[in-house]
Amino acid sequence: NYIVWTLKDDLDLLLDSPSSLTMTSNTRGTVKDNPSFKVDEDVSALKKAIEGLGTTEKTLIEVLTQRSNAQRQLIAQAYEKATGRKLVDDLKGDTHGDFEDVLVALVTPPAVFDCHEVIKAIKGAGTTESILTEIFASKSNKQIKALSEAYMAETGKSVLHDLKGEVSGDYGKALLILAEGKRDESTHVDTAKAKADAKALYEAGEKKWGTDEDKFIDILCHRSIPQLRQTLVEYKEISKKTLQESIESEMSGNLETLLVAVVKCVKNVPAYLAERLFKSMRGAGTTESVLTRIIVSRSEIDLMDIRAEYKKLFGYSLYSQTLLADSTILLPICGETLTEYLRLKVKVKTDKLSTFSWGARVIWFKISLNGIVGF
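Count along the sequence shown from 1, add 63, and you get the number used in this note's numbering.
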C-alpha cells in the first residue's frame, strides 16, 4: 500500500480536530496579500513582459505568484484600463500549455475558476466524474454557493440543471445533493442521533444482503461535519470496521468513489487532497490539471495543511514528489530562490527527456513554498 499513514483508524483525535469545511478564516493558505503591493508597478511590469520581444516568463511568475487573488483582480482591472485588453486574454495569447493554464487559473476569481472546472468536467467528450467528485466532496456550502452563482453568470443556467443532464443513478443522486450546497451547518453534536445513524448505516450495509444506497446517501450528504464525525466513531463501535471500509466493500463505481471522498473530507480535507495530488503524479505521466486545480484553488485556504498531510501520508515533501513523479522525467522545481528556478529552467530546456512545462512547475511550487521554508 502506497499510503504509509492512514486516517481510517485515527478516529480518537477526530472529534476535536479542525475541519477545512467548517473553517471561517483562511489562515492556513500559503498565499496572502502582499504588503508591498503597488498595482501600477505590477501593471507596468506585466505590460513590458507581455508586449516585449518574447514573453518574459520570470516577470509573470514573480508578479502573479506573489500576490493574493484579490490583488490579482485589481491588477487585471488596472491592466485592462491601461491597455484596453483583458489580462487573461493576453496571457492566453502569449503563453501555452500547462504554464498558460496555471497563469489563467491565478488571474481568475476563485469561484469562477471552480465554475470553469465544472464546465470542463461536464461539457467535454464524456463527463469527468472524478473532477465533480473532488470539487463537490471537498467544498463548503459557502464555496458551492459561490460556484453556483458564478456558473449562472457564465452560462445563464443553474449548475444543478446542467449536472442533471450529465450524471445519473445513485451517483447522480448523491452528487446533486452535494451540489445544492445545503449540508447542515450546525456545530451541535447529537450523540444519540449519531448512534442511530451509525446503526442505520450498519443495517443498510454490513448487516444485510445487498446495500441500501439511499440510506448512505441521505446521511452522508445531509448531516453536518461535526455530526458525521461522531457518526464515524459510533459506526466503528458497532461494526468493528470503519465506515470507509464498509463503503469500499459494499459499493462500487462512481458512487463508492464519491461516498469514500465524502468520508475522507469529513475526516480531513487536506489529507484527501494530498492523496489526490499523489495519485495525479503516480505512474506514467502527471495530470497537470489536478495539480493546478488543487494547488491554485487551495493556496489561500489550507495549502499549508495539504503539504503537511502529504509529508505525513507519503513520507516526503510535496515538491520532492513532483521531482520524482516520473522516473524518466526531471521535474525540477525544488529551489526556493528565483536564481535556482532559472537555473533549473535552463536544465529542463536542455534535457531531452523533459516534456513538462518548467513554468507551470515553478508556479505550482512557488505558491506551495510561500510562507514555509524547508518543507
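For every residue, glycine included, the Cβ atom is placed at its ideal position computed from N, Cα and C. The structure displayed is predicted, hence computed values, not measured ones.
Q | Continuous alpha helix (DSSP H) stretch holding Ala267: start and end | A | 254-267
Q. Do the segment 168-181 and the segment 234-241 meet, that is, are 3 or more Cβ pairs less than 8 Å apart?
A. no
Q. Count the other CB atoms within 10 Å of the CB of Pro98; is the residue buried (16 or more) or exposed (fewer)?
A. exposed
Q: Tell me whether Asp157 sits in a helix, a strand or coil according to DSSP, three-state version.
A: helix
Q. For Thr250, does the count of other Cβ atoms within 10 angstroms reach 16, so buried, or fall short, so exposed?
A. exposed
**Q.** Option nearest Ala20 by Cα separation, candidates Gly316, Leu381, Pro289
**A.** Limits of the chain in this structure are 64 at one end and 438 at the other, which puts residue 20 out of reach.
Q. Counting contacts by CB-CB distance shorter than 8 Å, is Ala324 in contact with chain D?
A. No chain D is present in this structure, which holds just one protein chain.
Q: Sort Ser201, Tyr214, Ala209 by Cα distance to Lys186 and report the nearest one.
A: Tyr214
Q. Starting from Lys271 and walking both ways along the alpha helix (DSSP H), at which residues does that stretch end?
A. From DSSP, Lys271 is part of no alpha helix (DSSP H); its letter is neither H nor E.
Q: Under 8 Å Cβ to Cβ from Val151, same chain only, skipping five residues before and after it: list those, please.
A: Ala139, Val167, Val170, Thr171
Q) Mind checking whether Ser302 and Ser309 have CB atoms under 8 Å apart? A) yes
(Q) Tell me whether the segment 256-271 and the segment 202-220 touch, counting them as touching only if at least three CB pairs, one residue from each stretch, are closer than 8 Å. (A) no
Q.
I need the DSSP call for Lys410, collapsed to helix, strand or coil.
A. Its pLDDT being 46, under 50, Lys410 is placed unreliably by the model, and the measurement read from it follows with that caveat. Looking at Lys410 - three-state DSSP - the assignment turns out to be helix.
Q. DSSP state of Arg345, grouped into three classes?
A. coil
Q: Taking Asp247 and His285 to be in contact with their CB atoms under 8 Å, please state how far apart those CB atoms are, rounded to whole angstroms.
A: 6 Å
Q. Thr294 and Ala337: beta carbons closer than 8 Å?
A. no
Q | Close-in-space but distant-in-sequence residues of the same chain around Thr146 (CB under 8 Å, 5 per side omitted) | A | Lys110, Asp153
Q | For Ser131 and Lys95, the rounded distance between their alpha carbons | A | 5 Å
Q.
By alpha-carbon positions, which one of Val359, Tyr379, Ile369, Met367 ends up nearest to Pro173?
A. Val359
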